[in-house]
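To keep things clear, I will list the structure first and then write my remarks on it.
Protein chains in written order, with the working numbering: chain A, 1 to 376; chain B, 1001 to 1376; chain C, 2001 to 2376; chain D, 3001 to 3376; chain E, 4001 to 4376.
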C-alpha cells in the first residue's frame, strides 16, 4: 500500500464543466490524473524555529529529507500539481498513502479532513476575488500535517492568500515561530477562510446595487444578474459548507497532531466559517427575495403600460365614434329626420362641445381614480 | 500567551457593509483592529454587596485591582472599544487570553459563549429601537464573567438597555444585591433579550399597516417596504439565533462560575429568546405571504384595467364600424343597390336604433358577467 | 427566594399587539405586571376523593390551608389573574417560586413545563371557538401540580373548556374520583387539546368553501380570506407546537408527581397534540396551495378578458378599415382610376360581401382555436 | 382499570370533515363513540397451526375463549366497529385496557404502535383504490397482538386487502402456517403497505396525463386537477408517514411478542413503507412543479393572445388612419392646397399603394421578429 | 427458511410506471416475480488470486461449488434476472435467505445494505448515460458478499460499467488481485458511483444551454425542457440518496466481511457519493431558479408586446380621431360656424400639421421614457 504506481493518463478537458473531479467509469481507484508532459511542481521549503529561518527553492526532492530531520517546523509548499515524477518522489519521502495522493492530485475534491494515523490530510477550497472584479476564482489547497512538517499543495501557483503568513514567519511577528506545524496549519486555514470575506463583500455590494435597480428600472439584464448571483452564491456555499464540517471534525475528533493550544485557535477559525455560511445564506435569501421583487416590479410596470393604453383608448375611441356618426352620408334631402344636426346653425359647435364633455368626464373619471399619477 | 502585542492598525471603513468583522487576508490572527488615535475607553466600576454600593469612573485602570480584591461583586463597564492602551491594561489586570480580546474588539462577532477555564466570554447582540422609529441599531455587547467580577464592553457607549439594572442595584430592588456576578450577568442578558421585543413590536405594527395597503392600494413603494421588512427581519434573526444557542450552551454545559440558582433564571431568559425567535419566524412568514398577496393584488388590478379597456373597446368599436359603413361614398345615382338606406325616410333613426341596440346588448352582456361591479 | 415583592405596576396596553408578554426594557425579572386596582381573583375550590365531594367559593385564601390538609385532591381554580394581594396570599400558601408566579401572571407565555422540585408548572394555551364563528379566542391556562393539589389559573374567567371535567367529578363518572391530582391535571390538559379540534374543523370548512370560490370566482376578498386563514393557522401552530414539546417532556422526563398509570393517559394526550399539529400543517399547506391556485386563476381570467378584447378588435378593426376606404373622397370625375368601385352597380353589395367574408373567416379562425368556448 | 363503562353516545356526523377523531370538548377520556343502536360487529375466527385449519363465524363471543386455549394461532377478525355490547364482551375476554379500546373504536386515529405489557396495539391506515378509479378510500385497521392470538378490527367490513393472506393460510402456501401470530401480524401489515402502491400508481398516471395537458392546453379544469392531486397526496402522506414511524418503532424497540425471525420480515416491510413515502414525496414535488408550469403556460398563452391583438391592431390602425385622412372634407374649391391628392389622376392607386407598403413593411417587421410562428 | 418455493408468476407490465417494485396486494411475501418461460440467467465466473486468473461461462450452476472451494476470490456475475430454476440452484449453492433473493429479483428496490450474518446484501442503482444522449437508463445491481466470493446480479446484461474492473483483474493492474472479495465489492461500488458523473455532466450542459435560451428566447419548449430536467434530476436524486445511506452504514456499522484496509477505500467511495448528491442538489436548485427566470422572462416579453401595442395605439388613435372630425359632414352652407376649417385656404396643411405635432409629441413622450429601446 506504500508503493504508488502512476500510469500515464491525462486530465480530460471535459471535466472542467463539472464541480468535482471524477474518474471516468472504468478507471482504477487511486489513479492520478496528471498529464505525462506536465512540468514537475515547484517546491519551496520554509524552515523555521524560534531562532532560525530559511526559505529555499528545492531542486532535488531528496534534499527534503534533510529538512525533515534538522529543523523544528518544515513547511513544504508544492506550487502546481506537478507530474507523476513529483508524486513518486514526494510519496516515498513523506510515505503518503495512495488514496491521500489521489485526493490531492485529482482536483477538485470536496473539502474534508482525513486521518491517516501519523498524517492528517486537510482538503480546503480557497476563493480569491478576481482583480477585475468580475467574480472569483476557486482553487483546491491540500494540507498534509505531520509531526514536524506541513506539506501544502496548491492547484494554481500564481496566486494564493498565504503571503501574510509567510511574512509573519520571516519577520517573526506574532507567535507563529514559537509554535509547531499544527499552528502553521491553523494559520493557513484561517487565511483561507478570511479569503471568503472580500468575495462576499463584493456580492453584498452587487445585491445592494440590484436592490435599487430591480425596483426602479427592471430590465432583462437585471434578471440575468440576479440569476448569476444566485448561481455563484451556490458555488460559494458548496465550498464553505463542507469546510465547516471539516474544521468541526478537527476540533471534535481531535488528533495527536494538534495540541490543545491550537484547538483554541481552531475554534476561532470555526466561528469565522460559520459567519461566512451565515452571510452566504443571508445573501441567498436576499437574492431569492429580489427575484420575487423583480417579478412584482415587472407586473407593476405592465400595469402602468396597460393604464396608459386604456386611458388613451377609453378617451379617444368614444370621440372617434362621435366623429364617425357625423361623417355618415344619410340623405338629408330625402327626409327631415336624416341627420338634421348637420344642418343646424350651431351643429358643429354642438358636436365639438359633445366631444369636449365626453373627453372631460373621462379624464375626470381617470383622474379621480389616480391613474394619471402613475402613468405620466 | 498572556502577553498581548498590539500592532498599529485601523478599522477599515469598507468593512461596514459586511455583517461580521473579518481580518483582511494576510493579517495575523489575534490582532486587534483599533485605531491608534482612538480615545481610551471610559471605564465605570459599580461595586456592591448586600450592604455597600459604590459607582466610580475609573481614570487609572490599575485601580481596578483594588476593586477586585475588596468588594464582593465588581462590575467593570467599558464604554466604547477604546484603544490598544486600554486593552493592554485590561488584558494584564484580568489576565485575558489574546483570542478573547480579539472577539471583544473586532466587532461585530456572532453571539457565542466560550469557556476560558476561570473566565466565561459571552458575546451578545443588543438591538435598540431607533427613537425616530425608522428601524433599529445593532451593537455588540461582550461579557467576561469571572469569580467575583463582570467585565462588560459596549460598542457604542451612547445608549444601552442596562439602565434598569443599574437602578435596581443602586436602590437595592429585587435580589440582585444578594447574588453574585453570575446573577448580574443574567440580569444584563435578560435586559438584552427584552430589548428585542419593542423592535419586534415595531415590525408587527408595520406588517399590520402593510396588510391593509397591499390589498387595497398596492403601489411600487409597498413592494419596497415589504422587501425592506424581509431584509431587516433577516438581520434580527441572524442576531437572535446564535444568542439562543449561546444561552442554551450556558444552561446545558454548566460552568463553575454559574450557580444552580442562576441556572433557573437563565432558563427563563432562554424562554424569552425562543419567544423572540418564534415571533421573528412568524413575521418572516407573514412578510413572505404579503409578497404573494402583493403579486396577486397587482394581477387583480391589471384584470380590472383590462376589463375597462375591453368594455370600452367592445362597445365602441362595433358602433364606430356601423358609423363607418354609412360614411361610405357609394354612388347611389349609379345603382338602386348602392346604400339605399341613406335615402330612406327613417334611415338615420334606423341607424341610431341599430347602434343603440348593439350597445345595449353589449352592456347587458357585460353587466350579466358582473364586469361593471369591479370596473367602476 | 421564598418572599415575593410586588411593586405596583400596570399591564401596558401596547403589549396587546405582541404574541408574547415582555418586560419593558429596564424592569426587574420576576416582577408581576398587574394593575394595582384590579379586583382580586375569584377562587373556587373543588375538593374530592372516592367518597366525598365539595365545591366552595373561597373568600379568604387562608382557608385553602384547611383544604390542603383534609382532603385527598384539592383543585383550586383561580378565575382571572387577580392582583398583587391575590398572589401574595397564594404565593405563601403554596410556597411558589418568584419565577413561577411571573410565568403565571405575565401572560401570554409560551407553553412549557417546568419542574420546581415539589411542584410542576404547566403553561398551556387554550383556544375556544368564537360563538359568532368569526375566529377563535386564545387564553393562557397555568397548572401548578403538587402532591395532592392542583392550582389552575385562567386568564379570562368567562369561558373555559373544563365544564365536562367538573361535571365528571361531581357526578363521579369515569375514574377521576379514584385517581390523584395528576390524573386531574391530565383531564384538564386533554380538555385543552380537544378544544383545538372544533377550531380546526371551522378552518377546514373555510378552506373547503374557498376551494370552490378561488377557482370559479376569484375576487379581491378571496385573497384577503386566504391571507387571513394563513395568518390565523400560524397563530394556532405557534400555540400547539410548544404544547407538544411540553407534554412530551412530561412523558419523557417523568416526575415523582405523575404516576405510571397517568403516564399511559398522557401518551394518549400527546397523540392528540400530534394530530392537531398534523392537521394544522395540512391546512397550512392547503392554504399555501390555494394562494398558488388564486394567482393562476387570476391569470386565467385575464386570458379570457384578453381573448374577448382580441376577438372583438380583430374582427371589427379590419371591417372598419374597409368602411374607411370606401369613405374616402377621391375625385371620381378627375380620373376613372379614382375609386371606380363606388360607381359600380353592385358596388355596395360587393363591399358588404367583402366585409361579410372577412368577418366570417376571422370568426372561423377563432372558432377553430376554441376561443369562443372560454370567452362567451 | 380493567372494567369498561360504555355510556350511550353516538358518533356525531360533523366529525366526518376532520382528518382525525376528536372528543367533543367536555367528554370523558376513554369514552367510546358508538351508536347505541349499531349492530354488533361480525366476528370471524381463523384458527390454525402446522396441521389444522378452521374458519368459523362466531355468534357468541364467549366461545372465543375456547379458541384461545386450544389452537396455536387464533386470528379473530372483527368486521365493523360494532356496538358497546361487542366491546364489553371482547374487552373482558382479551382483557383490553380502556385506552386501547378507545383507540380502536374512536376512528380515525393516527397510525401508531403502543405496548400494553402482554399486548401490542398496532393502528394502521389501509387505502384501497376505488374501483371506479376516482380516488381511494381510507380505513383504519387495528391489530392487537397477543401471545398466540391476533385481534384485528376493520372500520368497513365490505372490502379489505387481506384476501391473499386468508387464502395462503387456508391453502398452506408459504411459511405462514409454520409461524406464530407475530408472523401473521407482519403478513397483514405487509398487505396494508402493499395496498398503497396501486393507489400511487393511479396518481402516477394522473400526473403523467396532466404533464401533457398542462403544456399543450392549460384550462381551468387542469388547475382544479392539479390542486386535487396535491390535496390527495397530502392525505396519503399523512397516512404513510406515521405508519413508517410505527413499524420502525416495532423494529427498534423490539417486544417479547415478536420473534427475531419476524424482525427480518418487518425490516422488509419497513423498506416498502419508505418506498411509498419516497414516491409520495416525488409525486408531490412533481405536482408542485406542475403548478409552476401551469402558471408559466398561462402566461405564455397570454403572450400569444397579446401578440395576435398587437399584430392586428398595429397593421390596421395605421391603414385606417390613412383612409380617415382621405375621407376628410376639406373644400378643394377654396384652395389648391386642400387635399390635392383627391383630384390626382393616380390619386386612388397611390393611396392604395401607400396602404399596401405600410401594411407590407409592418408584416415584414413582425415576420422578422418571428411573431407569426407562435400566433397562427 | 433455507428452502425456497417459486410459484409460477409473471412480472406484470403495469409495474413499469412505478418507481419501485411492489407485490400486487394479495401476493405472498418472499415470492419471486419471474416469468416461467424466461431464459435462465447467464452465469460468468471470474476466479483469481495473486497468481492465477480464470474466466469461465458457467453452464451447470453446480460447478460453482468447485470454484468456491478452490480459488481465493470467486466473482460470480449473474447476467439477467433469470428464471425460477436459476434461483433454486443459486439459492441452495450460496444458501441464500428467501428475503435476500426476493430483493435481488423483484426489481427495482431502493438501494440498501442488509446483513445476513455470513453474507452482506448490497442493493445499488447503476445509471448509464444513453449513447444517443437523450437521457439515461437505470438498472439495479445486487451484490452478495461472502467470505471469499462475490455474487453480482444485473438486471440488464447488455451494458454495465464493470468493464474497467474486469480488465484490471485480468491484466493484474492495481492491487485488486492482492485483495479479497471485499475489495472487489468496493471496486464495483466505486464504478457504479463513478457512473453517475457523466450523467450529471450531461445535465450540467443541458442547464447551461437552457440558461441562455430562457433569457433570450423563452418558448413553450423551454418550459418543457426545464420541467423534464427537474423530473429527471428527481429520479437521480432518488437513486443516489439511499446509496449514500447504504455506503455510510457499511462504514459505520462495519462487518466481519470487510477488512479495515477496504474501509479506507469505502470512505473514498462515500465521498464520491456525497459529491454526486451535492451536484444533484445544485442542479435542482438551478433548475428551480430557471423556472423563476422563465416566468419573469415571459412577463418581460409581454411587457414589450404591450409597449408596442400601446405605442402604436396611442400614436394613431388620436390622429384617426382628428381625421374623423374633418370627415364630418356638417352643412357649411347653413352656418358659418359649421366646420369653417374646411373652407380655409390653409385648411388641409393646417390639419396635417396638427396631426404631425400630435404624433411628434407622443413619439417624444415615449422616446423620453425609453420605450423605443426595448420595443424595436
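Note that beta-carbon positions come from the ideal geometry of N, C-alpha and C, so glycine has one too.
None of these values were measured; they are calculated from a predicted model.
Does the CB of residue i have a neighbour CB from chain B at under 8 Å?
{"i": "residue 2259(C)", "result": "no"}
{"i": "residue 135(A)", "result": "no"}
Looking at the strands, I want to know which residues DSSP matches up with residue i.
{"i": "residue 4140(E)", "result": "4125(E)"}
{"i": "residue 3045(D)", "result": "3056(D), 3076(D)"}
{"i": "residue 1209(B)", "result": "None, per the DSSP bridge assignment."}
For residue i, decide whether its Cβ has a neighbour in chain E, counting only Cβ atoms nearer than 8 Å.
{"i": "residue 87(A)", "result": "no"}
{"i": "residue 281(A)", "result": "no"}
{"i": "residue 356(A)", "result": "no"}
{"i": "residue 3363(D)", "result": "no"}
List, in chain order, every chain E residue whose beta-carbon is nearer than 7 Å to that of residue i.
{"i": "residue 329(A)", "result": "4329"}
{"i": "residue 3321(D)", "result": "4316, 4319, 4320, 4323"}
From the beta carbon of residue i, is the nearest beta carbon of chain D less than 8 Å away?
{"i": "residue 2299(C)", "result": "yes"}
{"i": "residue 2334(C)", "result": "yes"}
{"i": "residue 2147(C)", "result": "no"}
If we cut at 8 Å on Cβ distances, does residue i have a partner in chain C?
{"i": "residue 1122(B)", "result": "no"}
{"i": "residue 3346(D)", "result": "yes"}
{"i": "residue 3234(D)", "result": "yes"}
Show which residues of chain A have a CB atom less than 8 Å away from the CB atom of residue i.
{"i": "residue 1351(B)", "result": "328, 330"}
{"i": "residue 1231(B)", "result": "286, 289"}
Would you verify that the beta carbon of residue i is, or is not, closer than 8 Å to some beta carbon of chain A?
{"i": "residue 4078(E)", "result": "no"}
{"i": "residue 4296(E)", "result": "yes"}
{"i": "residue 4060(E)", "result": "no"}
At a CB-CB cut-off below 7 Å, which residues of chain A make contact with residue i?
{"i": "residue 4095(E)", "result": "Per Cβ cutoff of 7 Å: no residues; residue 4095(E) is ~31 Å from chain A at best."}
{"i": "residue 1112(B)", "result": "271"}
{"i": "residue 1224(B)", "result": "215"}
For residue i, go through chain C and note every residue whose CB falls closer than 8 Å to its CB, in chain order.
{"i": "residue 3178(D)", "result": "The premise fails here: residue 3178(D) is roughly 35 Å from chain C at the closest Cβ pair, so nothing lies under 8 Å."}
So residue i contacts chain C; which residues on that side make the cut at Cβ distance below 9 Å?
{"i": "residue 1248(B)", "result": "Under the 9 Å cutoff, chain C gives no residues; its nearest Cβ is about 14 Å from residue 1248(B)."}
Output, in chain order, the set of chain E residues within a Cβ distance shorter than 9 Å of residue i.
{"i": "residue 252(A)", "result": "The contacting residues do not exist; residue 252(A) stays about 16 Å from chain E at best."}
{"i": "residue 306(A)", "result": "4306, 4310"}
Can you give the beta carbon distance from residue i to residue j, rounded, assuming they're within the 8 Å contact cut?
{"i": "residue 3148(D)", "j": "residue 3074(D)", "result": "7 Å"}
{"i": "residue 1154(B)", "j": "residue 1139(B)", "result": "7 Å"}
Quiz prompt | Segments assigned alpha helix (DSSP H), at least 4 residues, entirely inside the region 4079–4112 of chain E | solution = 4084–4094, 4098–4105
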